[in-house]
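Novice: Numbering (the numbering used here), first residue to last: 54 to 396. All residues carry an ideal CB built from backbone N, CA and C; glycine is no exception. Note that the structure is a prediction, hence the values are computed from the model and not measured. Please read through the structure below; I'll follow up with questions.
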């Protein structure tokens with residue numbers, strides 16, 4: 054975790070800003086991190102980072118147009134120095150992915166203090182603000198982490214989780230709370246205008262019950278979008294499960310072309326239900342294959358990186374969950390290597 058001094062340094066930086074521009078990874082941990090900070094400090098605008106690749110100078114013009122006095126980057130694995138150099142204000146990064154070497158930036162990552170640390174960005178955002186614990190729980194669970202304040206959450210929302218457990222998969226896929234984890238992730242999919250509307254609705258929701266019981270227009274909007282997208286997701290999940298070979302140690306599924314991508318979501322759920330297998334989900338887009346790999350038992354970061362060596366591709370992630378992209382022409386080579394490297 055970040056030290057008390059680091060948390061206080063972040064508080065000072067955020068409190069001194071009058072026009073903050075938040076950039077956050079477009080997943081559950083990223084959006085919950087943003088919402089926790091935005092709701093507490095009550096200023097600025099947010100923009101999800103849709104690209105799975107590095108954050109580079111291509112995003113700078115859009116940001117500088119807003120003339121922020123602070124750019125905050127949340128839960129983004131790779132940020133290029135070129136981006137930092139071209140932004141016309143102070144930059145603050147709060148992240149938990151492998152450490153980056155960057156200059157002229159306020160960079161906070163718990164791995165600086167403990168190389169084995171695994172703290173979702175939403176957990177750190179909550180440690181900074183001590184507000185909106187329910188959002189921090191959702192963000193942590195999206196990253197398959199059960200926070201130490203889960204017991205406190207259960208006291209406040211006893212009907213959303215039946216028992217305390219360190220099994221994040223159980224909560225995500227077998228409890229009411231898990232529906233909210235999927236809802237936040239799914240509402241970041243689709244057209245840019247729809248995502249913008251969803252994020253604005255999230256900013257105005259103050260309780261998980263507003264969503265679960267649809268007691269406000271914002272809660273109803275988020276729930277209806279989730280239900281629509283979930284139907285699409287469930288159809289794809291069934292197709293992926295139909296590829297299951299009980300004798301194989303791998304599940305390989307190619308996500309068909311569609312408006313929305315559920316590559317990461319399918320990989321995570323199949324990994325929970327089939328914990329003895331390595332899950333590989335791919336989706337072709339513009340001569341690239343977007344990939345998500347999962348393995349509940351093994352650290353797959355090194356095999357994934359080794360399988361990409363010499364190929365046109367990139368990627369990385371967490372011990373049991375990695376993702377990235379490889380060129381279509383190199384995909385079969387990549388898969389062959391993965392089969393040999395992860396046994």
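Just to confirm, are residue 136 and residue 109 a CB contact at a threshold of 8 Å?
Specialist: Residue mapping note: residue 136 aligns to position 83 of the chain shown, counting from 1. Residue mapping note: residue 109 aligns to position 56 of the chain shown, counting from 1. Taking 8 Å as the Cβ cut-off, residue 136 and residue 109 qualify as a contacting pair.
Novice: List the DSSP bridge partners of residue 218.
Specialist: Position 165 of the chain shown, counted from the start, is the residue given in the question as residue 218. Answer is none; residue 218 lacks a bridge partner.
Novice: Between the C-alpha atoms of residue 192 and residue 383, what's the straight-line distance to the nearest angstrom?
Specialist: As a position in the chain shown, residue 192 is number 139, starting the count at 1. As a position in the chain shown, residue 383 is number 330, starting the count at 1. Rounded to whole angstroms, residue 192 to residue 383 spans 34 Å at the Cα level.
Novice: Check whether the segment 96-105 touches the segment 139-154, counting contact only when three or more Cβ pairs, one atom from each stretch, lie closer than 8 Å.
Specialist: no
Novice: CB residue 308 to CB residue 347, shorter than 8 Å?
Specialist: Indexing the chain shown from 1 puts residue 308 at position 255. Indexing the chain shown from 1 puts residue 347 at position 294. Cβ distance not < 8 Å, so residue 308 and residue 347 don't count as in contact.
Novice: Here's the rule: buried if 16 or more other CB atoms are within 10 angstroms of the residue's CB, otherwise exposed. What is residue 295?
Specialist: Walking along the chain shown from the start, residue 295 turns up at place 242. Here residue 295 is exposed, its C-beta having fewer than 16 other C-beta atoms within 10 Å.
Novice: Evaluate contact between the segment 67-79 and the segment 211-226, counting only Cβ atoms and requiring at least three cross-stretch pairs below 8 Å.
Specialist: No, the segment 67-79 does not touch the segment 211-226.
Novice: Could you spell out where the alpha helix (DSSP H) holding residue 53 opens and where it closes?
Specialist: Residue 53 cannot be examined here, being either before or after the span of the chain that is shown, 54 to 396.
Novice: Taking residue 311 and residue 343 to be in contact with their CB atoms under 8 Å, please state how far apart those CB atoms are, rounded to whole angstroms.
Specialist: Here residue 311 is taken as the residue at index 258 of the chain shown, counted from 1. Here residue 343 is taken as the residue at index 290 of the chain shown, counted from 1. About 12 Å separates the two Cβ atoms, so there is no contact after all.
Novice: Can you check whether the CB of residue 55 is closer than 8 Å to the CB of residue 177?
Specialist: For this step, residue 177 is matched to residue 124 along the chain shown. For this step, residue 55 is matched to residue 2 along the chain shown. In contact: residue 177 and residue 55 (Cβ atoms closer than 8 Å).
Novice: Assuming residue 347 is part of the beta strand (DSSP E), what are its boundary residues?
Specialist: Start at 1 with the first residue of the chain shown, and residue 347 comes out as number 294. Unbroken beta strand (DSSP E) run through residue 347: 341-347.
Novice: Buried or exposed for residue 324, going by 16 or more other Cβ atoms inside 10 Å?
Specialist: Taking the first residue of the chain shown as position 1, residue 324 is located at position 271. By the 10 Å Cβ count, residue 324 comes out buried.
Novice: Give every residue of the same chain whose Cβ lies closer than 8 Å to the Cβ of residue 354, excluding the five residues on either side of it in the sequence, and list them in chain order.
Specialist: Sequence index remark: in the chain shown, residue 354 carries index 301 (1-based). Same-chain partners within the cutoff: 369, 370, 371, 372, 375.
Novice: Three or more C-beta pairs under 8 Å: does that hold for the segment 288-306 against the segment 256-275?
Specialist: no
Novice: Over what stretch of residues does the beta strand (DSSP E) that includes residue 378 continue unbroken?
Specialist: Here the question's residue 378 lines up with position 325 in the chain shown. Start and end: 374-380.
Novice: Quick one: using the 10 Å Cβ neighbour count with 16 as the cut-off for buried, is residue 162 buried or exposed?
Specialist: Against the chain shown, residue 162 aligns to sequence position 109. It is buried - the Cβ of residue 162 has at least 16 other Cβ atoms within 10 Å.
Novice: According to DSSP, is residue 144 helix, strand or coil?
Specialist: Start at 1 with the first residue of the chain shown, and residue 144 comes out as number 91. Strand.
Novice: Could you say which of 284, 152, 337 lies nearest to residue 166 if we only look at CA atoms?
Specialist: Mapped onto the chain shown, residue 166 falls at position 113. When only C-alpha atoms are compared, the closest one is 152.
Novice: Three-state secondary structure (DSSP) at residue 78?
Specialist: The residue given as residue 78 occupies position 25 in the chain shown. Note: residue 78 maps to strand in three-state DSSP.
Novice: Which residue comes first and which comes last in the beta strand (DSSP E) that contains residue 258?
Specialist: Walking along the chain shown from the start, residue 258 turns up at place 205. Note, residue 258: premise wrong, no beta strand (DSSP E); not H, not E.
Novice: Looking at the structure shown, is residue 165 part of a helix, part of a strand, or coil, going by DSSP?
Specialist: As a position in the chain shown, residue 165 is number 112, starting the count at 1. Of the three classes helix, strand and coil, the one that applies to residue 165 here is helix, per DSSP.
Novice: What number of angstroms, rounded off, separates the C-alpha of residue 385 from the C-alpha of residue 391?
Specialist: Locating residue 385 in the chain shown gives position 332, counting from the first residue. Locating residue 391 in the chain shown gives position 338, counting from the first residue. The alpha-carbon atoms of residue 385 and residue 391 are separated by roughly 10 Å.
Novice: When you compare each of 274, 240, 186 to residue 92 by their alpha carbons, which one comes out closest?
Specialist: As a first step, residue 92 must be located in the chain shown, where it is residue number 39. Considering only 274, 240, 186, the residue with the shortest C-alpha distance to residue 92 is 186.
Novice: What is the DSSP secondary structure of residue 391, counted as helix, strand or coil?
Specialist: Stepping through the chain shown from its first residue, residue 391 is reached at position 338. The answer is helix: DSSP assigns residue 391 an H, G or I state.
Novice: Which whole-angstrom value describes the C-beta separation of residue 282 and residue 313, a residue pair presumed to lie in contact below a C-beta threshold of 8 Å?
Specialist: On the chain shown, residue 282 is found 229 positions in, with the first residue counted as 1. On the chain shown, residue 313 is found 260 positions in, with the first residue counted as 1. Right, the Cβ-Cβ distance comes to about 6 Å (below 8 Å), so this counts as a contact.
Novice: Output needed for residue 117: all residues of its chain with C-beta closer than 6 Å, excluding positions within five of it in sequence on either side, in chain order.
Specialist: Here the question's residue 117 lines up with position 64 in the chain shown. So the qualifying residues of the chain are 141.
Novice: What do you reckon, are the CB atoms on residue 174 and residue 127 nearer than 8 Å?
Specialist: For the purposes of this step, residue 174 is taken as the residue at position 121 of the chain shown. For the purposes of this step, residue 127 is taken as the residue at position 74 of the chain shown. Yes. Within cutoff.
Novice: Residue 70 to residue 158, Cα distance in whole Å?
Specialist: The sequence position of residue 70 within the chain shown is 17, counting from 1. The sequence position of residue 158 within the chain shown is 105, counting from 1. Going by the C-alpha atoms only, they are around 15 Å apart.
Novice: So, using beta-carbon positions, are residue 194 and residue 234 closer together than 8 Å?
Specialist: Residue numbering aside, residue 194 sits at position 141 when the chain shown is read from its first letter. Residue numbering aside, residue 234 sits at position 181 when the chain shown is read from its first letter. Against a cut-off of 8 Å, the Cβ pair of residue 234 and residue 194 comes out as a contact.
Novice: Under a three-way DSSP split, which group does residue 124 fall into?
Specialist: By 1-based counting over the chain shown, the position of residue 124 is 71. Strand.
Novice: DSSP three-state label for residue 334, please.
Specialist: To locate residue 334, count along the chain shown from 1; it is residue 281. Residue 334 falls in the strand class under three-state DSSP.
Novice: Tell me whether residue 309 sits in a helix, a strand or coil according to DSSP, three-state version.
Specialist: Working through the chain shown from its first residue, we reach residue 309 at position 256. It is coil, neither helix nor strand.
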